[in-house]
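The block underneath contains the structure these notes are about, expressed in structure tokens.
2 protein chains.
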Amino acid sequence: MEEQVELIGKAFVNHYYQLFDNDRLALASLYQPSSMLSFEGQKILGVNDISAKLNDLPFDQCKHVISTIDSQPSSFAGGIVVFVSGSLQLPGEEHLLRFSQMFHLIPEQQGGLFVQNDIFRLNYG
Amino acid sequence: MEEQVELIGKAFVNHYYQLFDNDRLALASLYQPSSMLSFEGQKILGVNDISAKLNDLPFDQCKHVISTIDSQPSSFAGGIVVFVSGSLQLPGEEHLLRFSQMFHLIPEQQGGLFVQNDIFRLNYG
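Chains as they are written, first to last, in the UniProt record's numbering: chain Z, 1 to 125; chain H, 1 to 125.
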């Protein structure tokens, strides 16, 4: 169980940033109308507005490099909480931006997991 | 509702680090037997082992300085997710250690909130 949660968390994180870096429009498939995103303190509700926000970020290309992934079962919601730290590389920028992000994943009726809670912060040094 | 979640998150965070910095043994009151802590990748289950871990850290005194607090309702668990970034000052150390931490707070039967999920990471620059 414990190990399975770790594996699911890692698979989700790899999938999420792979889409973010290569097919950002497809991230919409991971959110639902109830989903919430806090992006650098800005609150956005629902898959449509979240997808718009992620696709309107002021860079077209980016590359996430993951440093750590911590996952735990979210016992009272039947899901998983995932905590990620890593770096974001933007085109033409030499230095990496450190970030931390958490996801609260909830089971879908169809059997997968969707992002109910998403909180993203850059780590200023 | 939205605003209330922010207020509860901030009140919890202030209370948590106030206890951590001044009365670390009392942190046990915020956890339950079901609680989980991931501390720099080490997994610890249950209030007793979590309390032991927090009180056995290799520093007696510390001071947390909070930079950001983001809170969202955890709809499917009836609780709140809280994401914190900040700095940790250790005695005799000039430079601050940056950290990020997330809490998943769940309602207690008695009416308060307890920490079900707690994930802590230092942010290496």
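Think of the CB as a built atom: it goes at the ideal place given N, C-alpha and C, for glycine as much as any other residue.
What's the C-alpha gap between residue i and residue j?
i      : j      : result
N123/H : N123/Z : 8 Å
L57/Z  : L96/H  : 31 Å
K53/H  : N55/Z  : 42 Å
V82/Z  : L27/Z  : 17 Å
G46/H  : S35/H  : 5 Å
R98/H  : R121/Z : 13 Å
D49/Z  : P33/Z  : 9 Å
Q109/H : V13/Z  : 34 Å
Looking at residue i: is its Cβ nearer than 7 Å to the Cβ of residue j?
i      : j      : result
G41/H  : S67/H  : no
S100/H : E6/H   : no
L30/H  : V115/H : yes
G112/Z : I69/Z  : no
Quick check on residue i: buried or exposed, where buried means 16 or more other Cβ atoms within 10 Å of its Cβ?
i     : result
A11/Z : exposed
A77/H : buried
L88/H : buried
Nearest to residue i by alpha carbon, out of the options?
i             : options                      : result
I119/Z        : I44/Z, G111/Z, S51/Z, R24/Z  : I44/Z
E93/H         : G112/H, F59/H, P33/H, M102/H : F59/H
D21/Z         : I69/Z, S35/Z, G46/Z, K63/Z   : K63/Z
V65/H         : E3/H, Y17/H, E2/H, R121/H    : Y17/H
residue 193/Z : R98/Z, Q61/Z, I69/Z, I106/Z  : Chain Z is shown from 1 up to 125; residue 193/Z falls before or after that span and cannot be answered.
D23/Z         : R121/Z, N117/Z, S51/Z        : S51/Z
S38/Z         : M102/Z, N48/Z, P91/Z, S75/Z  : M102/Z
N117/Z        : S74/Z, R98/Z, H15/Z          : S74/Z
L90/H         : E2/H, Q61/H, N48/H, L25/H    : Q61/H
Which one or two residues does DSSP pair with residue i in a beta bridge?
i     : result
G86/Z : I66/Z, F99/Z
K43/H : S38/H
G79/H : S74/H
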